[in-house]
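Just remember that the working numbering sits 546 ahead of the position in the sequence shown, which is counted from 1. Glycine residues also receive a C-beta, built at the ideal position from the N, C-alpha and C atoms. Structure first, commentary second.
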Amino acid sequence: MGILILLLDVYSYIVLGAVLLSWLGLDPENPLQRIADTLVEPVLAPIRKVLPTMAGFDLSPLVLFFGIKLVRGVLVSRLDSV
């Protein structure tokens, strides 16, 4: 389970990086932007279908980030109880 927790941590940083890159307004063809979009967009798309934008803000990365932290917390608590 430790490797899964590590992967969740890495993915949460990837989500954060994708958000920061989107704020910078880089060219969509930028290699970093393309990698971030490739890794994050497939997970964000279903969240965006359910969660509307609020006042022009896309809150789906925030929902994803908290979801990752929730799953991580459950895994850590199960790991601690073993």
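C-beta contact flag for residue i and residue j at 8 Å
i, j, result
"Leu554", "Arg594", "no"
"Val586", "Val556", "no"
"Gly563", "Ala582", "yes"
Nearest-angstrom Cβ-Cβ length linking residue i and residue j, presumed shorter than 8 Å
i, j, result
"Leu590", "Pro607", "6 Å"
"Leu578", "Leu567", "6 Å"
Residue i versus residue j - alpha carbon distance
i, j, result
"Leu605", "Leu597", "8 Å"
"Arg624", "Ser558", "20 Å"
"Thr584", "Glu575", "12 Å"
"Met547", "Met600", "36 Å"
"Pro588", "Ser627", "33 Å"
"Arg580", "Leu570", "14 Å"
"Phe611", "Asp573", "24 Å"
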